[in-house]
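First to last, the protein sequences are chains V and C.
With the first letter of the first sequence counted as 1, position 141 gets the number 141 in our numbering; the numbers rise by one all the way through.
With the first letter of the second sequence counted as 1, position 11 gets the number 1011 in our numbering; the numbers rise by one all the way through.
Number of protein chains: 2
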Amino acid sequence: MADREKHPNTPRITKNARLVLDILRQVGQPLTAYEVLDRIRPQGITAPTTVYRALERLVECGLIHRLETLNAFVSCGREEVHGPSAIAICTDCHGVIEMQNDAVPGYLYGWAETKDFTVTSLTIEILGQCSQCRIKPEPNVDSE
Amino acid sequence: MADREKHPNTPRITKNARLVLDILRQVGQPLTAYEVLDRIRPQGITAPTTVYRALERLVECGLIHRLETLNAFVSCGREEVHGPSAIAICTDCHGVIEMQNDAVPGYLYGWAETKDFTVTSLTIEILGQCSQCRIKPEPNVDSE
DNA sequence: AATGTTATGTTATATTATATCATCATTTAA
DNA sequence: TTAAATGATGATATAATATAACATAACATT
Ligand SMILES: [Zn+2]
Ligand SMILES: [Zn+2]
Ligand SMILES: [Zn+2]
Ligand SMILES: [Zn+2]
């Protein structure tokens, strides 16, 4: 995980963005803005606005991703800063698997072009169950 | 647009679902649940719950799609009931273009399989500007 | 120091979504 | 043909997510 923070043409990482990024990286799983807020309160942050500003900045930097299907944010799982990529999210354990290539975005950009559509953002999310959670299901299943 | 309402293994279309579906089809563009509510008030519907229930049902029937990036719902643009498909959404005019093939979902299912990930839902959304809106930009642009 | 700019803090509010429980309608079966 | 069960609707309240608006602080440039 190189020095992505210094990538050009990207907003700089401010104090609050740093705090939020550290939390998301440490957790390694998606957190909602309010879950971030709860974990950042000890640092004196009390307002959603503050968290949302930091999250927005980190998204712009490409250091985290917003998951539209969860209304949550997760730190990027790829080595280099990149454009949109597909992300699979386990609805049981909230683990994420980020696709390491740009095949799907590439296809979508191509298709958009044929429609004369100018892409500003792509969202590709897969909800389901990871292998671990399929093997070991949630304890509270009704065994009927 | 055939008799998709009678598709098997799918919830039936109740009175409220019918009302909501008619609105979404007539509008032809994404509406939020509360925008639907506003338009359905004349029919005596007053509560968000009622609208969300109808929307959920229609999604299950495959007659409408939920757009995660807009928190909105739009009537399906394909001829036959289908699985997930990619949807481009113009952020200016809110027009939508639904991809008419399943190439991307197919690829994603395949990839998920290689990760031993069981897919329950796919979200593929493209935000940007349609050709019309690129030609004729919003009037309130600062011409500086 | 004065100025402009960016980041942060603070308060309030808007928007989106669900929980809960009561009532009504429709089906099923005794 | 009623009683029970099921499914749909209605009604109220509240939870969860997100932004608006404005004030202050930090920082850079001159
Ligand atoms: Zn990433
Ligand atoms: Zn899992
Ligand atoms: Zn469709
Ligand atoms: Zn448009």
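Note that the Cβ used here is the ideal one computed from N, Cα and C, for glycine as well.
None of these values were measured; they are calculated from a predicted model.
The beta carbon of Ala17 of chain V is closer than 6 Å to those of Ala54, Arg57, Leu58 in its chain, skipping five residues each way along the sequence. Taking a contact as a CB-CB distance under 8 Å, the pair Val1051 of chain C and Val1020 of chain C counts as one, their CB atoms being some 6 Å apart. Along the segment 1029-1058 of chain C, none of the residues has a CB nearer than 9 Å to a CB of chain V. Between the C-alpha atoms of Glu68 of chain V and Pro1042 of chain C there is a straight-line separation of about 32 Å.
Taking Val104 of chain V as the centre and dropping the five residues before and after it, the same chain places the C-beta of Ala86, Ile124 closer than 7 Å to its C-beta, in chain order. At a cut-off of 8 Å between beta carbons, Asp116 of chain V contacts chain C. Within the segment 1027-1076 of chain C, complete alpha helix (DSSP H) segments of at least 4 residues are found at 1033-1040, 1048-1061, given in chain order. Per DSSP, Val96 of chain V is one residue of the beta strand (DSSP E) stretching across 96-98. Per DSSP, reduced to three states, the secondary structure at Gly1128 of chain C is strand.
Closer than 8 Å to the CB of Gln100 of chain V there is not a single CB belonging to chain C.
From the listed residues V:Gly83, V:Gln132, V:Gly44, the smallest Cα separation to Asp102 of chain V is found for V:Gly83.
Of the residues assessed, Ala47 of chain V falls on the exposed side of the cut-off, its CB having fewer than 16 other CB atoms within 10 angstroms.
Residue side-chain check: Ser75 of chain V keeps its Cβ at 7 Å or more from all non-hydrogen atoms of ligand 3.
Look at Ala1086 of chain C here: in three-state DSSP terms it is coil, with no helix or strand label. A distance below 6 Å between beta-carbons, with the five flanking residues on each side excluded, links Gly77 of chain V to the following residues of its chain, in chain order: Glu98.
Between Pro11 of chain V and Cys61 of chain V, the gap from beta carbon to beta carbon is short of 8 Å. Pro1105 of chain C: member of the alpha helix (DSSP H) spanning 1103-1114, first to last residue. Burial of Gln129 of chain V is indicated by the presence of at least 16 other C-beta atoms within 10 angstroms of its C-beta. A Cβ-Cβ distance of about 6 Å is found for the pair Ile23 of chain V and Ile40 of chain V, placing them in contact under the 8 Å criterion. Residue contact check for Ser1085 of chain C against chain V: no CB pair falls below 8 Å. Distance between Val119 of chain V and Cys1093 of chain C, taken at the CA atoms: about 14 Å.
In terms of side-chain proximity, the C-beta atom of Arg1078 of chain C is found nearer than 7 Å to a non-hydrogen atom of ligand 3.
The residue among C:Trp1111, C:Glu1080, C:Gly1106, C:Leu1070 with its C-alpha nearest the C-alpha of Val1096 of chain C is C:Leu1070. For Ser1075 of chain C, not one C-beta of chain V is nearer than 8 Å to its own C-beta. In this structure, DSSP gives Val20 of chain V a helical state, which the three-state scheme calls helix. Listed as beta-bridge partners of Thr123 of chain V by DSSP are C:Glu1125.
Ranking C:Glu1113, C:Thr1091, C:Thr1049 by CA distance to the CA of Phe117 of chain V puts C:Thr1091 first.
For the C-beta of Gly1128 of chain C, the chain V residues within less than 8 Å are, from N- to C-terminus, Ala112, Phe117, Thr118, Val119, Thr120, Ser121. With respect to chain V, the C-beta atom of Arg1078 of chain C has no partner C-beta closer than 8 Å. For the C-beta of Ala1103 of chain C, the chain V residues within less than 7 Å are, from N- to C-terminus, Tyr107.
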